[in-house]
Amino acid sequence: MILPKFDYKKARTIEEALELYNKHDGNAFYLAGGTDLVPLIKLRLLQPKVIIDLKGIDGLKDIKKINNSLVVGPNITLFELKQNPFIKDYFPCLFESLEATSCKTLQMRGTIGGNILQNTRCLQYNKSLEWRTARGFCLKMGGKVCNVVPNSKSCFSNYCGDNAPSLMTIDAKAKLVSAKGERTVRLEKLFSEDGRSPFTIKPGEILKEIIIPLKKTKGAYEKLTVRGSIDYPLVGVAVTVKKDAAVVAVTGIGPSPHLYEIKEINEKSINEVADWAYEDARPVLNAVLTPLYRKKMVPVLIKRAFKRIGAGGGR
Amino acid sequence: MRKEITFTLNNEEVTVEVEPKWTLLYLLREVLGLTGTKEGCGYGECGACTVIIEGKAVNSCIYPVLEAEGKNITTIEGLSKNGELHVLQKAFIEKGAVQCGFCTPGMIMSAKALLDEKPNPTEDDIKEAIEGNLCRCTGYVMIIDAIKSVAAGR
Amino acid sequence: MKTIKVMLNVNNEKVTLQVKPYETLLETLRERLSLTGAKESCSLGSCGACTVLVNGTPMRSCLILTPEVEGASITTIEGLKNGEKLHPLQQAFMEKGAVQCGFCTSGMILTAKALLDRNKKPEKRDIVKTMSSNICRCTGYKKIIEAVEETSKK
Amino acid sequence: MDENLKIVGKRVIRSDSYAKVTGGALYTADLKLPGMLYAKVLRSPYPHAKILNIDVSKALKVPGVKAAISGFDAYGVKWGVFRYTQDHAMLPTDKVRYIGEDVAAVAAVDEESAIEALSLIKVEYEPLEAVFDPVEAMKDTAPQIHEQYKNNINIHIHIEVGDVDKAMAKAYIVREDTFKAKGEAYAMMEPYAVVASYANGYLDLWMPNAGPHVRAKALSNLLKLPLNRVRVRHINSGGAFGGRSEVAPGDLVASLLSIKSGRPVKLVLTREENAMCSRQVHDIIATVKTGMKKDGTIVAKEYKTIYDGGAYSSTGPIATSIPYYVYEECYRLPNVRYDGYRVFTNKGIRGMYGCHGRAFLAGNEAQMDLMAKELGLDPVEVRLKNGLTAGELTATKSKIISCGLKDTIIQAAEKSDFKKKWKKHTRNKGIGMGCVAIMCGFPMGFRSGSSCYVKINDDGQVTLITGMVDNGQGNESLAVQVASEVLGIPMDDINLVNADTEVTNLDPGSYSQAAAYVGANAVKAACEDARKKIIAIASKKLGVPEEEIDLKDRVAYSVKTPDKRMPISWITREAFFKGEPIVGTGSFFPDIDLEREWVSKPEGQMAGTYSFGTSVAEIEIDEETGKIKVPKFIAAHDCGRPINPMAVEGQMEGSVGQAGIATIFEGNMWYKGFLLNPDLLEYKVPLACDMPDIETIIVSSNDPKGPFGAKEGGLTIRMNAYSAIACAFTNATGMLFEELPLTPDNVLKLLEKNKGGKR
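Heads up: the protein sequence lines correspond to chains A, B, C and D, in order.
Residues in the first sequence are numbered consecutively from 308, following this note's numbering.
Residues in the second sequence are numbered consecutively from 64, following this note's numbering.
Residues in the third sequence are numbered consecutively from 62, following this note's numbering.
Residues in the fourth sequence are numbered consecutively from 779, following this note's numbering.
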């Protein structure tokens, strides 16, 4: 399958990248590992004029300990990040979600920034132009109806990132930069909850850093897939425990991860969150297993994650 | 340094990036895949690489590719129209003018250039027109016969 | 659209190419350099049949734009032999019967090579996990895993 | 000679593997010919619509476009495997019948221009009501997909043996269940590709195919060209599994484009096209009614099986029959009624698959286990009791020639400690067994046989010429290995020229499980012919009687006085001096009843012989998630004498993935006529980490007619691995599956139903 025509530019600095973006009237996409972006372009889901490669920018590939935070450059690959000793020691939940992401080869190409900002997916969306033309364009394609839930006004495509939910449970923040300057937001604020355009990132903004408070945690990531590798999560549950409290994030169902907090961990509170997450989950028939089943798996995986943490930590 | 050139090849406009050091023959055979034109000697001695440029038969193996810019070029592949052979091609077949076939494209192109310019050539004209085309098989008799038959047929 | 000049070191040979900005590394290898050992199967990064090594790291070449890897060393399956001598993994794949239709084979071997290059003695678990990056429809993987295991023990 | 084999039966390195590990093996998409054009196909966006007009004129104006065609440029010939199934125009002019059907095509100097040109082809359609469910399609009110097939019934196979109703009435227990299975994707790693090159009145073609001769004949019909002007040439094939059996629309498309443009044309399908528009596997609904005696003897079987055939006949009559036959070739069925319906729907065309019929076969086996349990019997004993043995006739009167079924059952059961585990299974753990037989070389009319030529060259090396084709299973190496054995010449010295229709003689292809039994037998015969000639000369030259001479390591020698010897290369030269170069010819035609017909006369000898296999799977079910794990799989196979045990194991292991793990992973998903998982991400081909610990057991029997006693290798496991999983599920849960695949959602639903029903 060949790519449609576009121009390729390699940026050396963030400033240069922002300038290139503005020069192309916003019809540009930033490229990191390309494991999400390139298939979307091949399927003609995106038709950019220019691709701006961020991999040549110095500093976006570093992991630094600054004060009490771990500052992670977005261009670091999932595989490299996984090797970082802080990750395994401090954030078992993130370590597990990194380990569970796709397959080893794609971990070596995919970056953490790209992984966080991956587009939402749907069985009726991630198809060739010919397929989609025959089917009729859905909401996410700029059409008038959702092809999965015909009377819906919103898009149910699934956010399938494994690592954003883990990062949310460890209070990660994102530093974004644009021509107007920098801003730092909590990771969950990046999600718009609208499948059509799942992120709150403004046009041209670049993810510059992921900042994680450096506190030791316990945690686990539970992922439901059919196969043992390559697959996106059909449901993913990240749980991080800090002393008596816990944070739970659910991914793979709907356009953004759902986040829950537990003030005091006990059987009752875990069950409550599990029930709550069950109620919140509104999967539709847009992934390979049935919606009701995926919904049912949310509390199952939440309880499993807690059980595993209780049984002696993340690993 | 590659350069872009545009010319007409077998009635179609072609734009292609070329290296200045290339010959037209190289472009035709190696880049455009038109292998009907043959390389016999590489020095312009045998005529196997003959193509028609602006109505003239030319040895493409010594023709610098950059000079093709804007020109009208015909190769053996451009001779038949809609599956129908050119009269010269038919005549070569009918008169037994083809043996190993390696000189044939160049021979036919030389003959075509002649007939286009001079529809009723004399035998001497014909011999002169193909004197730059070597044939090792036929002894030329049937080739000349074939060209003559076309000339007479007009 | 302008082309982009890219220098690569492909199987220990320097090449300079003018590529399209939207050309994948797989296209460059197969169409420009005629290195057809890397296969196109899913074209979307799901299957691993197009895996090549970029600076030693296994990568799906169908997902990489050639300009992205300017200056990189690329190893394809064609570059694995040392003269006439097969790479031990190639030898083991043959001897263990790990090859059937052969369409996934080059990607499998290169994925395994990268693993053994970074970890000489991987545990079987690591081998299985790493080789789970690539899809094979014929073998059931048993003999592929055995071939990698066998090589790692040498 | 057979008792003293030098290379047959040894684990040899496959002759094709060097090219494959070095990247040198060429597949169709790797080919590049001078002046080659790139083709793209415009496909139907409708599941069912009348074609009012197709206009390709604008596409022709795109710079770089050299030809554009539609069905109006073809010759109006419809293809069908049988005279009574000729319903597939390949490029339709009347109406389209599934989303993705080939409608028009262009060839251009590059892919980009071809894609641009496609968008300029104008097709006017009148959409028609479509039907996607085979049961719906059989109703009177359903839209008719083909005029000539009433109620959309493409094929009805009716088999009636004995007195079923009487036997059912007398049976100790009777059980009737309905089983479904989603159709699968072949998901061969190589997407379909074809190169066609028409020049000087001759058409050369390269494409992955399972039978070059059958393919060439079909194209010669479609293109109205004499057979010797259509040459299907040798090329590597990246997997077939039944999905490359027939002529494909792309073959016609590329050929027409090449004829029009006078240039070679390459068409490579995308992964999505490969799944939607080449071939898919039948969805099946099977109702199985079984009557059993108290001792576990099957007394009667009654079947109604519905096959979702998609839009065209394809191999219809065969596909509708095979699941039943491989069952009756395994078990004794004194009274049986089989009704198989292949029904048209507005979905992609369905073809034969290596794992064809999983709802039917797994249903039969799982139901049998549940009945055995009710009778307090052991499944191993029930299988042994009902299993056929050599010399017996199947229900439809086909004789079992050689049979290692019993050994495969016993060995697989012993290796897995089956009886104990089955009886005392712990909660949500189970073990299951599946058996099946496979015909080797079934009736294909005069195409059922194969022939081979061999020539010994002046340096003593060998050129072997056979129509046998290799789709990855190792048939090429098999041919070379057999020749090496007979001629006493190492495999390295033998050059194979195969699967090239202008050079090789007729061969049935690799989809009737015929390569090892039919093709290799012809190779053996040809080499024996040459061997005789070598020995005759050696006998004269060495002065020893012919019976005393053997060939080994490129030398002819006397067995009694081994220093009386001479190189075969010398003998070859002697032969040239005599003006009688050493060439051998040989052929093999399986002993089958050629009167037999799939629909009109389903009775008589079906195949030259049968191979047998038994699979045993152990599973664990996660009660909370419904996920099934398969920790252990044992496969036992009677393939006669294995020519290359390593290759046979490879086939068996591949089968455990493609059929066994597929039982919990694989199924096509649909929204109306839209295939939702035509890719390798959402269609779940198992990965290395998903595979069980596999143990393979080759039960060596010796078929009297097989080459060196060999029969087909591997396919039995492909057609019973799913039964083993389904039976293990029954063992673990006490219930039958309702639909395959047993994905976690499906399993959890069943477990919940079970809980609700019982407690």
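Cβ coordinates follow ideal geometry from the N, Cα and C atoms, glycine included.
Mind listing the chain D neighbours of residue i? Cutoff is C-beta to C-beta under 9 Å, in chain order.
i	result
Ala133(C)	Those do not exist, as Ala133(C) stays about 19 Å from chain D at its closest Cβ, beyond 9 Å.
Leu97(B)	Pro812 and Gly813
Met415(A)	The premise fails here: Met415(A) is roughly 17 Å from chain D at the closest Cβ pair, so nothing lies under 9 Å.
Grouping DSSP H, G and I as helix and E and B as strand, with all else coil, what is residue i?
i	result
Thr314(A)	Note that residue 314(A) is Asp in the sequence shown here, rather than Thr. In this structure, Asp314(A) counts as strand in the three-state DSSP scheme.
Thr933(D)	Inspection of the sequence shows that residue 933(D) is occupied by Ile rather than by Thr. Here Ile933(D) sits in strand by DSSP.
Phe393(A)	helix
Gly1208(D)	strand
Val53(C)	Limits of chain C in this structure are 62 at one end and 215 at the other, which puts residue 53(C) out of reach.
Gly526(A)	strand
Gly621(A)	Confidence is the limiting factor: at Gly621(A) the pLDDT is only 34, short of 50, which leaves the residue's position unreliable and the question unanswerable from this model.
Val799(D)	helix
Lys1199(D)	helix
Asp1468(D)	helix
Phe165(B)	coil
Gln1058(D)	strand
Val209(C)	helix
Arg1537(D)	Reliability fails at Arg1537(D), whose pLDDT of 36 lies under 50, so the model's placement of it is uncertain and the value that follows must be treated cautiously. It is coil, neither helix nor strand.
Glu323(A)	helix
Thr127(C)	helix
Arg198(C)	coil
Leu338(A)	strand
I'd like to confirm the pairing. Which residues does DSSP put opposite residue i in its beta bridges?
i	result
Ile1084(D)	Ile1063(D) and Tyr1119(D)
Leu883(D)	Note on identity: in this sequence residue 883(D) is Ala, with Leu being the wrong assignment. Looking at the DSSP assignment, Ala883(D) forms a beta bridge with Val819(D) and Ile847(D).
Asp1523(D)	DSSP lists no partner for Asp1523(D).
Met1344(D)	Ala1334(D)
Gln79(C)	Lys66(C)
Phe463(A)	According to DSSP, which records beta bridges pairwise, Phe463(A) is partnered with nothing at all.
Just checking my contact of residue i with residue j at CB under 8 Å: how many whole Å lie between their CB atoms?
i	j	result
Ile1216(D)	Leu997(D)	Going by Cβ atoms, the distance from Ile1216(D) to Leu997(D) rounds to 29 Å, so no, they are not a contact pair.
Leu830(D)	Glu902(D)	4 Å
Val1260(D)	Pro1485(D)	6 Å
Phe1122(D)	Ala963(D)	Going by Cβ atoms, the distance from Phe1122(D) to Ala963(D) rounds to 20 Å, so no, they are not a contact pair.
Met1211(D)	Thr1441(D)	The Cβ separation is near 14 Å, so there is no contact.
Glu284(A)	Val378(A)	No statement about residue 284(A) is possible, as the shown extent of chain A runs from 308 to 622 and does not include it.
Pro1095(D)	Ile933(D)	5 Å
Please list the partners that residue i has in chain A, where partner means a Cβ-to-Cβ separation under 7 Å.
i	result
Glu889(D)	Ile309
Ile125(C)	Gly341
Thr172(C)	Thr412
Asp1523(D)	Leu596, Thr597 and Tyr600
For residue i, go through chain C and note every residue whose CB falls closer than 7 Å to its CB, in chain order.
i	result
Asn1249(D)	Cys162
Cys1467(D)	Val189, Lys190 and Ser193
What does residue i reach in chain C if we use C-beta pairs closer than 9 Å?
i	result
Thr418(A)	Those within 9 Å of Thr418(A) in chain C number zero; the least Cβ separation is about 13 Å.
Does the CB of residue i have a neighbour CB from chain G at under 8 Å?
i	result
Cys103(C)	Among the chains of the structure shown, chain G does not appear; the protein chains present are A, B, C and D.
Starting from residue i, find everything on chain D with Cβ-Cβ shorter than 7 Å and list it in chain order.
i	result
Ile609(A)	Those do not exist, as Ile609(A) stays about 12 Å from chain D at its closest Cβ, beyond 7 Å.
**Request:** Compile a chain-ordered list of the residues in the stretch 939 to 968 of chain D whose CB is closer than 9 Å to at least one CB of chain C.
**Result:** Listed by position, the residues of the stretch 939 to 968 of chain D near chain C (Cβ gap below 9 Å) are Tyr964, Ala965, Met966, Met967 and Glu968.
**Asked** Between the stretch 819 to 831 of chain D and chain A, which residues of the former have CB atoms less than 7 Å from a CB of the latter, in chain order?
**Response** Within the stretch 819 to 831 of chain D, Arg821 and Pro823 place their CB atoms closer than 7 Å to a CB of chain A, listed in sequence order.
**chain A contacts made by the stretch 182 to 212 of chain C, where a contact means CB separation under 7 Å** = Those would be Lys190, Thr191, Ser193 and Ser194, in chain order.
**Under 7 Å (Cβ pairs) to chain A, residues found in the stretch 1037 to 1070 of chain D** = So the list reads Thr1048 and Glu1050, given in the order they occur along the chain.
**Request:** Check distances from the C-beta atoms of the stretch 487 to 504 of chain A to those of chain D and list, in chain order, the residues that come in under 9 Å.
**Result:** Cβ contacts with chain D come from no residue of the stretch 487 to 504 of chain A.
**Prompt:** Name the residues in the stretch 570 to 592 of chain A whose C-beta lies less than 8 Å from a C-beta of chain D; which are they?
**Reply:** The residues in question: there are none.
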